[in-house]
Structure formats: C-alpha cells, structure tokens
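Student: Sharing a structure below in structure tokens format, with a few things to ask.
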Amino acid sequence: MDAPDTDLKKELNATLQARKDLGPEYESELVETFLQKIDASVEQRVRRQLAEQQMVVARNNSQRPRYAELGPHAPMPEGVGARLGLAVASLVLAIPLSAIAVVNAGLAGLLVCWGGVVAVNGLQASRSWFGDERLGERRRD
64 MDAPDTDLKK
74 ELNATLQARK
84 DLGPEYESEL
94 VETFLQKIDA
104 SVEQRVRRQL
114 AEQQMVVARN
124 NSQRPRYAEL
134 GPHAPMPEGV
144 GARLGLAVAS
154 LVLAIPLSAI
164 AVVNAGLAGL
174 LVCWGGVVAV
184 NGLQASRSWF
194 GDERLGERRR
204 D
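This is the structure:
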C-alpha cells in the first residue's frame, strides 16, 4: 500500500471516530470533508501521472530527429496521415486554382489544373502501392 492510500485510510478512521464522538448530526459535514480530501488526493495523483506522461513524451520527442534536420535525402513521411493530408491539401487548393484557371484559360485551364491534382495524388498513391524503389529511392527498414 502506498502513502496516499495509508493517509486516506487514516483519514477515514479519524472521520469514523469523529462521527462516533460527535454523533449523527455532524455526519454530512464529516462525509463532505472526507470526500474533499479524496478529491484532492485523486487530483494530486492525476497531476503527477500527467506530469510523468509529459516527461516521457518530451524525452521521446527530444531523441527523435526532426524531419527538417534529416537533410535533402530524408525519406518522405509515411502512413495514412501523410497520404490523407496530401489528398486533403490538394483538394482544398484545387478549388481556388480551378477558379483562377477557368477565369484565365477557360475549360483548358480547368483541365490542366485538375490534371495536376490527379497527377500529384496519383504519384503519392503509386509511392504507397509500389514502394519508393519505383521513384529511384530505397526504403530504409
């Protein structure tokens, strides 16, 4: 049993003894005071655990090299998040680019704009389907 549990056990015993001494008319106040002590104990434990988790995360992040620090030959970010991010970004950017293309070049501009969006997303999809070897890079496992 750790220290907070023994402290709470002592507090409970003291509260029960005080109830015996004072009688049932003070029971609600005694229970409320004891519950406040339990809340404080739980809050202290949660804060301590959060601090420990933040330290672990900070320690892991400081040991991991930043993407920009890896240099020009660094591997591209992988995973569903990177692919989804590129797809969403390209579609969001395609909307104003489509408007600009239609105003300046008409239907041909619109087709070129969306051809570029399809090409960017197709290239990213081919990287994930066929691996980096197709693009002249080797995966580092």
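Heads up, this note's numbering is the position in the sequence shown plus 63, with the first residue counted as 1.
The beta carbon of each residue, even a glycine, is placed where N, CA and C say it ideally should be.
Would you kindly check if the distance between the Cβ of A182 and the Cβ of G172 is under 9 Å?
Tutor: Not closer than 9 Å, so no.
Student: Tell whether a beta-carbon distance below 9 Å holds between A150 and N184.
Tutor: Cβ atoms of A150 and N184: closer than 9 Å.
Student: Please report the straight-line C-alpha distance between E88 and L71, rounded to a whole angstrom.
Tutor: Distance between the alpha carbons of E88 and L71 is about 23 Å.
Student: Since S153 and V180 are thought to touch, with beta carbons under 8 Å apart, how far apart are those beta carbons, to the nearest angstrom?
Tutor: That pair is a contact at about 5 Å.
Student: Taking a contact to mean a Cβ-Cβ separation below 9 Å, would you say R82 touches E74 in this structure?
Tutor: The answer is no: Cβ separation not under 9 Å.
Student: So which of E115, I158, R146, L113 has the shortest CA-CA distance to S189?
Tutor: Residue R146 is the option with its Cα nearest to S189.
Student: Going by beta-carbon coordinates alone, are T78 and T96 separated by less than 9 Å?
Tutor: Taking 9 Å as the Cβ cut-off, T78 and T96 qualify as a contacting pair.
Student: If you check the beta carbons only, do L85 and L98 fall under 9 Å apart?
Tutor: It is not a contact, given that the beta carbons lie outside the stated cut-off.
Student: Go ahead and pull the three-state DSSP assignment for G185.
Tutor: G185: helix per DSSP, three-state reduction.
Student: Between W177 and A162, how many whole angstroms is the CB-CB distance? I'm expecting something under 8 Å.
Tutor: Between A162 and W177 the Cβ distance is about 12 Å, and since that is not below 8 Å, they are no contact.
Student: Looking at the structure shown, is G86 part of a helix, part of a strand, or coil, going by DSSP?
Tutor: Residue state, collapsed to three classes: coil.
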